[in-house]
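Chemist: The structure's right below; bear with me while I get my questions together.
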Amino acid sequence: MSKIPSPNESIRDTLPVELLLQIFDSLPLSDIAKFRLLSKEVKAIVDDYFTRQLKIKEIACGQDHSLILLEKGRVLAMGSNEEGQLGLSDKTNHFVAKEIVNIEPIEHLSAGFSHTLMLSKNNTLWAMGSNADKQLSFANQGSKQVELQQFSTTRGIQAAIAVDFTSAYIDTDQVIHSCGHEGLKPHLINGELKLLPDWVKFPASLKVADIAVGKQHALLLTTEGEVYGIGSNEHGLLGLGSKITTCEDWTLLPINKARQIKATSLGSLVLTTNNELMVTGTDSKGQFKQSSSDFVTLATDVKTFDANDFHTLYVNNADKLHALGSNDKGQLGIGKLNPDGQPESALLLAVGDQATTEPPAAPQATSQTLSLYSMIFKSKKAPPKPTEEELLDWDSEDSLSQSF
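Per UniProt numbering, the sequence shown starts with residue 1, numbered consecutively.
Take a look at the structure:
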C-alpha cells in the first residue's frame, strides 16, 4: 500500500514519478487533471504530462462529426453521435470534445459520412456508427448501427479506411477486405489504402502519392509534390478560375509543392511543404472563409488538417486547433452557441452534454466508452457567428490552471 505523504513530505518522496506516470496512462485525461489539487509537486508533474499528451497527431472529419488523435494514442470525439459514430453511449450531439475511454492506444483514425474506424497500435480495429449500407458488416452483420466495438483477425490489421458509406481494411497478409457502398473500390497507392470510384483513372506517366475524391472532381498528389486535378471545375472545384468548366484528363494545378490533399463536394484543400493551407471552391458555411474559383491561402504554419463538406479543422505547428464552418451538431468542438452566435462559455468543461466553467461533482459512468469529462478548451476570441473561425488553445498550463 502506498504511503500517504504528511504535510511536510513531498509526494515525490513517497511515490516514484515513473509509477505515477504509469497510473496516468491508465486513466482518462479528465481524471488525471484532478491530481493537480493534491500538491504543487503533483501539479507540476500533471502539467508536464499534459504538455506531452496534448500534441495532436491526426484529425478525421465525417459529415457532422470530428475526431482528434493525440500523439500517445488517446482519441477525442465531438459532433453528431446520432448513429453512434463518436463511440459514446448517448445518441446526442456533443459540442465539446470528449475522450473515448477504455480503448487501446490508437494509431490511425478514419471517418466516413456517419461511421468511424480506429486502428490501434496493436493492429486491431475499433468500429462504430452507421451500418445502414453494411459499411461495418465485418463487425456486425445485422444491426443498422454499430456501438463501439473491437474487431480483430488472426492475421492482424495493417491499415483501414472509411469514406462516405464504405469501409476497407488490409490484413498483415496484404489481403484487402471492403464492405458497404459498391461505388468505391479499394486501392493501394504508395503503400496507403484508398477508396476510389471507377471514374478515377491512374495516369501511367505520374508517380502517384495520393488521390482525394469529391463528388464531381478529384485531386492527385505526386511523389514530387505536384497536384493534378480532373473532373468538374464548376464554382472553382479545381481552382482553375472561372473560364474552365471541366478537365477530361489529369491537369496540373497552380500549386507549389504539396504534401497533403483533400477534396470535398464543395471544393479542394491542399497543404504545401511550406505549411500553407490553400483552398478553393464554394464557402457555403464558412469552412473556407471565402468562396473562390482560384486557390487562396486559408492559413499558414499548418501541421495537419482535415475537412468535410461544411467544416474544416487544422492544427498549427504550435499544436493549436483551429475550427471553421458549420457547428450545428458540435463538430467544431467550440461549445454550444447562444441565439447571438456567441459561445455559452469562453472556457468549456463538458459534463455529459452540458457546458460549465465550474469543476463538476464526481460523475457516474454510464458505459465503458463514455468519457466523464471533456478536455478543457480556452477560446482566444469568441466568434461573432457560428461560421467564423474559433481558436482552441491546447496549452495545458494556460487552460487547466484556470479550471482546477
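Think of the CB as a built atom: it goes at the ideal place given N, C-alpha and C, for glycine as much as any other residue.
Is the stretch 89–107 touching the stretch 152–161, taking contact as three or more C-beta pairs under 8 Å?
Modeler: They do not touch, by the three-pair rule.
Chemist: For T223, does the three-state DSSP call read helix, strand or coil?
Modeler: Of the three classes helix, strand and coil, the one that applies to T223 here is coil, per DSSP.
Chemist: Would F35 be called buried (16 or more neighbouring beta carbons within 10 Å of its own) or exposed?
Modeler: Per the 10 Å Cβ criterion, buried.
Chemist: For I244, which residues in the same chain have their Cβ closer than 8 Å to its Cβ, ignoring the five residues on either side in sequence?
Modeler: Excluding sequence neighbours, I244 sits near N233, L238.
Chemist: Between G225 and the rest of its own chain, which residues show a CB-CB distance below 7 Å, the 5 nearest in sequence each way excluded?
Modeler: Cβ neighbours of G225 beyond the five flanking positions: K257, A258, R259, T273.
Chemist: Please give me, in chain order, every unbroken run of the alpha helix (DSSP H) with length at least 4 that falls completely inside the UniProt domain "F-box" (9–59).
Modeler: Listed in chain order, the complete alpha helix (DSSP H) runs (minimum 4 residues) inside the UniProt domain "F-box" (9–59) are 11–14, 17–25, 29–34, 40–53.
Chemist: Looking at the secondary structure, which residues open and close the beta strand (DSSP E) in which H177 lies?
Modeler: 176–180 is the extent of the beta strand (DSSP E) around H177.
Chemist: Considering only DSSP beta bridges, list what F151 is partnered with.
Modeler: In the DSSP output, where bridge partners are listed per residue, F151 has L125.
Chemist: Compute the Euclidean distance between the alpha carbons of K55 and K320, then round it to the nearest angstrom.
Modeler: Cα to Cα, K55 sits roughly 9 Å from K320.
Chemist: Which residue comes first and which comes last in the beta strand (DSSP E) that contains F295?
Modeler: Counting along the chain, the beta strand (DSSP E) containing F295 begins and ends at 292–299.
Chemist: Please report the distance separating the alpha-carbon of T124 from that of P254.
Modeler: Taking the straight line joining both Cα atoms gives about 40 Å.
Chemist: Of all the beta strand (DSSP E) runs that stay within the bounds of the stretch 304–342, which reach a length of 3 or more residues?
Modeler: For the stretch 304–342, whole beta strand (DSSP E) runs of length 3 or above, ordered along the chain, are 311–316, 321–325.
Chemist: Determine the contact status of C61 and A307, defining contact as a CB-CB distance below 7 Å.
Modeler: Taking 7 Å as the Cβ cut-off, C61 and A307 qualify as a contacting pair.
Chemist: Could you check where the beta strand (DSSP E) with I211 kicks off and where it finishes?
Modeler: Unbroken beta strand (DSSP E) run through I211: 208–213.
Chemist: In terms of alpha-carbon separation, which member of F50, N122, S39 lies closest to F24?
Modeler: Residue F50 is the option with its Cα nearest to F24.
Chemist: My assumption, with CB atoms under 8 Å, is that T222 sits in contact with A209. Please give the rounded CB distance.
Modeler: The Cβ separation is near 6 Å, so the contact holds.
Chemist: Consult DSSP for E234 and reduce its assignment to one of helix, strand or coil.
Modeler: Three-state result, E234: helix.
Chemist: Among the residues of its own chain, which have a CB less than 7 Å from the CB of L271, if the five just before and after it don't count?
Modeler: Closer than 7 Å at Cβ, skipping near neighbours: A258, R259, Q260, L277, V302, F305.
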